[in-house]
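J.:
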Amino acid sequence: MKITDITASLIEVPLPQPVRHAWIPGAVMEKFRFTLVKMYTDEGIVGIGASHACAGTEIAASTQSLIKPFLVGQDPFATERLMQTLHSANPFGTRPWLVD
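See the structure below:
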């Protein structure tokens, strides 16, 4: 089995009332945002993952431009090797937690 495609979309859900972040003093959240990631395989299986999207569209865009090229063509079950590849590709950046 091989990964054939990865898509990432920003999803925004309006909240009934604004919420204040405990971890960002003064920030008010009016929408819950998350990035929905779909990983497609050559056998028709689709894996789905999600993460909180503090950065908005940047997370979805960076998944497409920075993470996808390292994963397409790879075995989705070789998780340790894939994570080592992603960590090696960006040793000073954040964890690739969307696909972690």
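So for the sequence shown, the UniProt record's numbering puts the first residue at 1; every next one is plus one.
Glycine included, each C-beta is placed from N, C-alpha and C at the ideal position.
The model shown is predicted, which means the values in this text are computed figures rather than measured ones.
#1: State the Cα-Cα distance for the pair L36 and R20, rounded to the nearest angstrom.
#2: Assuming P76 and M39 are in contact, meaning their beta carbons sit under 8 Å apart, how far apart are those beta carbons, in whole angstroms?
#3: Going by other Cβ atoms of all chains shown within 10 Å of its Cβ, with 16 needed for buried, is L82 buried or exposed?
#4: Out of I3, Q17, V28 and T7, which has the shortest C-alpha to C-alpha gap to G49?
#5: Any idea if I59 is buried or exposed, counting beta-carbon neighbours within 10 angstroms, 16 or more meaning buried?
#6: With 16 as the cutoff for other CB atoms within 10 Å, does T57 come out buried or exposed?
#7: Shortest alpha-carbon distance to K31 belongs to which of A22, L15, I24 and G44?
#8: In or out: I24 buried (at least 16 other Cβ within 10 Å) or exposed?
#9: From Q17, V28, G44 and A22, pick the residue whose C-alpha is nearest to that of T4; which is it?
#10: Going by the beta-carbon positions, is the gap between F34 and S51 smaller than 8 Å?
T.: The structure says:
#1: Counting from 1 along the sequence shown, the entry for residue 36 is found at position 36. Counting from 1 along the sequence shown, the entry for residue 20 is found at position 20. Roughly 23 Å between the two C-alpha positions.
#2: As a working mapping, residue 76 is identified with position 76 in the sequence shown. As a working mapping, residue 39 is identified with position 39 in the sequence shown. Going by Cβ atoms, the distance from P76 to M39 rounds to 6 Å, so yes, they are a contact pair.
#3: Walking along the sequence shown from the start, residue 82 turns up at place 82. Buried, since its Cβ has 16 or more Cβ neighbours within 10 Å.
#4: Here the question's residue 49 lines up with position 49 in the sequence shown. G49 has its Cα closest to that of T7, out of I3, Q17, V28 and T7.
#5: Numbered from its first residue, the sequence shown carries residue 59 at position 59. Buried is the call here.
#6: Taking the first residue of the sequence shown as position 1, residue 57 is located at position 57. Exposed, by the Cβ-count rule.
#7: Translated into the one-based positions of the sequence shown, residue 31 becomes position 31. Measuring from the Cα of K31, the nearest candidate turns out to be L15.
#8: Numbered from 1 along the sequence shown, position 24 holds the residue referred to as residue 24. I24 comes out exposed.
#9: Residue numbering aside, residue 4 sits at position 4 when the sequence shown is read from its first letter. Among Q17, V28, G44 and A22, the Cα nearest to that of T4 belongs to G44.
#10: By one-based count along the sequence shown, residue 34 stands at place 34. By one-based count along the sequence shown, residue 51 stands at place 51. Yes.
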